[in-house]
Amino acid sequence: MKILFSFFRFDAEPLPNSLAEIAKEEYERFLEKEKRLPKDTVVRNYVQKHLDNFESISRGSLGVRFGLCNALPCFARFKNQDEAYQYLKKNYPKSLKCLGEDVEIQWDTPIGQELVESLTLSENALRFLLLRNLYASEGYNAMAGRGITWATFSAFSCLFTYFLHTSRIGGSTAMSFLVTYAICTCMALYGSQEWNKLYRYITGIHADNVSAKTSFEHCEGGKEYYWKMLKINRIFRDLHPHLYTQIKVTGDVRDIDIPILTRYDHLKDLKEEDDQLKPVLEGDDF
């Protein structure tokens, strides 16, 4: 069965049985931890049909009645490296898309095998990814944040336009109104965009933090996931020179809201804390 989200502009299909079981367990974990009812926490999980995007795509929010629609990246379906190799060689025999560029890949070469390995996630990484997506879209702002921010900033820009236009500086002329309105609108647009980026950054880091602290396995999975994302980008950068301007040497993508390296470093710090606590917790019999 093919699920087409024409309004949201991406193709997805139901999760494989093994992945659906993991998604169900993480959903139940989220309900128990946050003390939420299933009727107030509507989630529909899918897996993307095409391997042209390496992150989850989420629409909606857990804070609204119709809930969250979440599509995991296509490679989340792979159970092991051999399955990933067979799927990639059959469906993408010559190239993969990365940031709009066609990257030629020979899957039987060492670098091709390295990419296959990076596109194969462990169960821990999948659990982290599923739980992170829930926390990242927990509030209603996940769906309406951009609209609310723009409405707020544009309302203030109208007030500033009125006061400046009617002041001595503006002189209440038609030209002063046009100039003042244009400047205030541009400032409102810039401010709303930056505020929305800040919201996405804080929400993303918070989702990483809460998900990673759920268990040692989730923390390991998150660290693995972001490390493999960096590695995938570095491989694409080495294979396609046009990607030099879009991907940094570290594997991070330029001009994204939350740098991948920042997310990885954050989880690495959490892992160091977990490593210090793990022997203590394992030795506590009370």
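Each residue of the sequence shown is one higher than the one before, starting from -8 at the first, in the working numbering. Think of the CB as a built atom: it goes at the ideal place given N, C-alpha and C, for glycine as much as any other residue.
What is the DSSP secondary structure of residue i, counted as helix, strand or coil?
| i | result |
| --- | --- |
| N71 | coil |
| E92 | strand |
| N44 | coil |
| L261 | helix |
| Q39 | strand |
| I249 | coil |
| V244 | strand |
| R282 | Since the first residue shown for the chain is -8 and the last is 277, residue 282 is missing from the structure and cannot be characterised. |
| L63 | strand |
| I160 | coil |
| G54 | coil |
Tell me the rounded alpha-carbon separation between residue i and residue j.
| i | j | result |
| --- | --- | --- |
| Q97 | S202 | 36 Å |
| I43 | S109 | One detail in the question is off: residue 43 reads as Asp in this sequence, not Ile. When rounded, the distance between both Cα atoms is 15 Å. |
| H231 | Y217 | 21 Å |
| I249 | E23 | 28 Å |
| P101 | Q77 | 16 Å |
| A3 | C149 | 42 Å |
| G242 | E211 | 20 Å |
| E129 | L87 | 33 Å |
| K81 | E215 | 26 Å |
| V38 | I174 | 44 Å |
| R191 | Y181 | 15 Å |
| S163 | T171 | 11 Å |
| I196 | M166 | 45 Å |
| W186 | E208 | 33 Å |
| F227 | S113 | 21 Å |
| I139 | T176 | 16 Å |
| D199 | G213 | 8 Å |
| L106 | K15 | 29 Å |
| D260 | I251 | 14 Å |
| Q237 | M220 | 14 Å |
| H240 | S158 | First, the residue type needs correcting, since residue 240 is Val and not His in the sequence shown. Spanning the two alpha carbons is a distance of roughly 52 Å. |
| F151 | F144 | 11 Å |
Quick check on this structure: which residue in the options has the alpha carbon closest to the alpha carbon of residue i?
| i | options | result |
| --- | --- | --- |
| T32 | E46, C60, E12 | C60 |
| S9 | Y153, N36, G162 | N36 |
| Y18 | F144, S113, L122 | L122 |
| V94 | D260, I174, H233, T140 | H233 |
| G51 | L117, A127, V107, F119 | A127 |
| P7 | K26, P64, L28, P29 | P64 |
| N124 | P5, T253, L112, A62 | A62 |
| Y235 | A75, E92, K15, L79 | E92 |
| R280 | N224, H257, D229 | In this structure the chain extends from -8 to 277, so residue 280 is not present and cannot be described. |
| G103 | K222, I193, Y153 | K222 |
| C118 | T176, T205, L90, L258 | For the record, residue 118 in the displayed sequence is Arg; it is not Cys. Of the listed residues, the one whose Cα sits closest to R118 is T205. |
| C89 | A67, Q72, E46, D73 | E46 |
| T194 | R254, N71, K85 | R254 |
Since residue i and residue j are thought to touch, with beta carbons under 8 Å apart, how far apart are those beta carbons, to the nearest angstrom?
| i | j | result |
| --- | --- | --- |
| G58 | V34 | 6 Å |
Does any residue of chain B bring its CB to less than 8 Å from the CB of residue i?
| i | result |
| --- | --- |
| F69 | Of the protein chains in this structure there is only one, and it is not chain B. |
Beta strand (DSSP E) runs wholly inside the segment -4 to 36, at least 3 long, in chain order: For the segment -4 to 36, whole beta strand (DSSP E) runs of length 3 or above, ordered along the chain, are 1 to 5.
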